[in-house]
Every structure is written in C-alpha cells, then in structure tokens.
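Working notes for the structure below.
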Amino acid sequence: MKDLRITQRHVAKLCAGTKSTPANPIRSGVRRHRDQKGKDMIRTFLTSAALVALIGGPALAETFEVQMLNKGSDGERMVFEPAFVQAAPGDTIRFVAADKGHNAEVNKDMLPEGAEPFAGRINEEIEVTLDVEGVYGVICKPHYAMGMVMTIAVGDVDAPADFLEGRVPGKAKERFEAQLGNL
Ligand SMILES: [Cu+2]
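full-length UniProt numbering numbers the first residue of the sequence shown as 1 and each following residue consecutively.
Here you go:
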C-alpha cells in the first residue's frame, strides 16, 4: 500500500535511466521517423520532470479516492475501501458515497496536533486536503460500532502510542489495529 503513490524521488529515479537523451531531443527528432519523435517527446517530458524534482519544484500532490460501502470487495460489511491510505502532506482524500447511509468524519481523538477536524454529512461526498503530518482516524458515525473506520497516514510517520486510548468500539478497534499494522 505504501508504494501506491509516485513520489518525486521515484520520478527522479525513473529519469536516471534516460541519461542518454540528446541535449536537444526535439531538434534531433526532426530528422527521425514519427514514432521516434513521439518517444523523444516522452523523454523530454521525463527530463523536465527530473529537473523539477532536482530543483525542488512544487510537490506532485495526489488525490486518493475512498469508497464508502455496505460491503467491501473482501465481503466485510460496512467498510471504507481502501481502509488505509499512505499520503504525503498536501495530498487530498475524496470520500465517495458509493452506497447510501454513510458519512466520513475524523475522530477528534485520532487527529494530529494542529490539524483541522473534518466531518461530512450522511451521503455527502467530501474532499479533504491534509497538510499536517500524522495519523488520522476516520469513522462513519452511523456504523462506528460496526467497525466502519479507516486510517490515513500523512508523511513518514509511526502509529501514535495513544491512538486507541479513547473509547473505541470493539469491532472498530480491531480494524484500526489492523490498519495501523501498515505503519
Ligand atoms: Cu457507514
């Protein structure tokens, strides 16, 4: 799960393999066959991406979609899918009301210090951009007792020691523990 996102470091690594690119691939591409020209354009794009990564350009923020479901692909009832997201600061999480009767809200006892709490209404699709590093516990209020919870890790973080210290229903606790196992 951790490797789902493409970080700038990955892009830089990817581009390390294109060192043989001519100094000016567009000009040199003029004499080439059309297909080759297309490849050159891809190389030019990758080289530009590498430059952005090297000079520390704007972070490539990502959006993760999380479905709110009555039944998950593994057969479990009342779930967020995926139940764990590894994000970077500035990334966005979009909660999709795939089934009716759910909401997504952060458990205020499971929120990094300085982070803004968020809460969607029932059937509401919300998008939250997370800038503060840490671990966020998200619940569906009507189905919290049934264990409808998910975890978002922002940045390279460990599970906070007091994450499950508050009052957490048994089934929710069980799932949170499994999700924290990704850290
Ligand atoms: Cu629900």
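Cβ atoms here follow ideal geometry from the backbone N, Cα and C, with glycine treated the same way.
DSSP three-state label for residue i, please.
i, result
"R94", "strand"
"L164", "coil"
"F118", "coil"
"R27", "Unreliable placement is indicated for R27, whose pLDDT of 44 sits below 50; the coordinate value is still reported in the next sentence. Three-state DSSP puts R27 in a helix."
"E133", "coil"
"L183", "coil"
Note the first and the last residue of the continuous beta strand (DSSP E) segment covering residue i.
i, result
"E127", "I126 to L130"
"A153", "V149 to V154"
"L69", "T63 to K71"
"E81", "R77 to E81"
"A87", "F84 to A87"
Could you check whether the Cβ of residue i sits closer than 8 Å to any heavy atom belonging to ligand 2?
i, result
"E177", "Here the bound small molecules are ligand 1; ligand 2 is not part of this structure."
Which residues bound the alpha helix (DSSP H) around residue i?
i, result
"L180", "G170 to L180"
Does the beta-carbon distance from residue i to residue j come in below 9 Å?
i, j, result
"F95", "I139", "no"
"N103", "R121", "yes"
"F163", "G147", "no"
"V149", "P112", "no"
"K141", "E105", "yes"
"N123", "K108", "no"
"P160", "V132", "no"
"G90", "T129", "yes"
"A98", "L60", "no"
"A172", "A145", "yes"
**OP:** Just jot down, in chain order, the residues whose CB lies closer than 5 Å to any heavy atom of ligand 1.
**Re:** Cβ atoms closer than 5 Å to ligand 1 belong to H102, C140, H143 and M148.
**OP:** Say whether the region 111-120 touches the region 70-85, bearing in mind that this needs 3 or more beta-carbon pairs closer than 8 Å, one atom from each stretch.
**Re:** Contact between the region 111-120 and the region 70-85 is absent: fewer than 3 CB-CB pairs across the two stretches fall below 8 Å.
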